[in-house]
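Each remark here refers to the structure printed beneath this line.
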Amino acid sequence: MATLKNQRLPPEVNRILFVKNLPFKITSAEIYELFGAYGGIRQVRLGNASDTMGTAFVVYDDIFDARNACEHLSGYNFGGRYLVVLYHQPAKQARKLDQTKKRQELELMKQKFGIE
């Protein structure tokens, strides 16, 4: 029987979790308490701007702890809200940012040449 540490993990699994649908009044201490039950946490970053309220990044010391937390807390009801817990995927976000930048450049070109 293989131990947990010897299991092969999907490529998207990493130590950083992105959490959405958090109560707006949640504190870092509450996140540490909730997510810390699944392993050592290196860092918590709460969204504090108007467009990032209710989100957080949780960085675990160990990838297996992050996976365990993701599996157990995704869909968990906390403060009357069901949490959405995902693995942070910087490459996916970079592609999205790149597409946004290309759309903006296209709109500028359309304006410059009077194309609608």
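Counting in the numbering used here, the sequence shown runs from 99 upward without gaps.
Even glycine gets a Cβ: it sits at the ideal position worked out from N, Cα and C.
This structure is a prediction, so every number in the text was calculated from the model and none was measured.
Consult DSSP for residue i and reduce its assignment to one of helix, strand or coil.
{"i": "K123", "result": "coil"}
{"i": "I129", "result": "helix"}
{"i": "N166", "result": "helix"}
{"i": "R113", "result": "coil"}
{"i": "L171", "result": "helix"}
{"i": "I161", "result": "helix"}
{"i": "K208", "result": "helix"}
{"i": "Q141", "result": "strand"}
Have a look at the options and flag the residue whose alpha-carbon is nearest the alpha-carbon of residue i.
{"i": "K118", "options": "V182, Y158, H186", "result": "V182"}
{"i": "F116", "options": "M207, Y158, E214, G177", "result": "Y158"}
{"i": "L132", "options": "K199, A154, M207, P188", "result": "A154"}
{"i": "A147", "options": "I114, F176, R113, K123", "result": "K123"}
{"i": "R113", "options": "Q141, A127, S126, E128", "result": "Q141"}
{"i": "G152", "options": "A167, H170, S126", "result": "S126"}
{"i": "I129", "options": "V111, G177, E169", "result": "G177"}
{"i": "R143", "options": "H186, L204, K210, K199", "result": "H186"}
When burial is assigned at 16 or more other CB atoms within 10 Å of the CB, is residue i buried or exposed?
{"i": "L120", "result": "buried"}
{"i": "I213", "result": "exposed"}
{"i": "L171", "result": "buried"}
{"i": "V111", "result": "exposed"}
In the DSSP output, which residue or residues are listed as bridge partners for residue i?
{"i": "A154", "result": "V117, L144"}
{"i": "R179", "result": "F176"}
{"i": "Y136", "result": "The partner list for Y136 (beta bridge, DSSP) is empty, contrary to what the question assumes."}
Cβ contact check for the region 158–177 and the region 129–143: 3 or more pairs under 8 Å:
By the Cβ test, the region 158–177 is in contact with the region 129–143, since at least three Cβ pairs between them sit closer than 8 Å.
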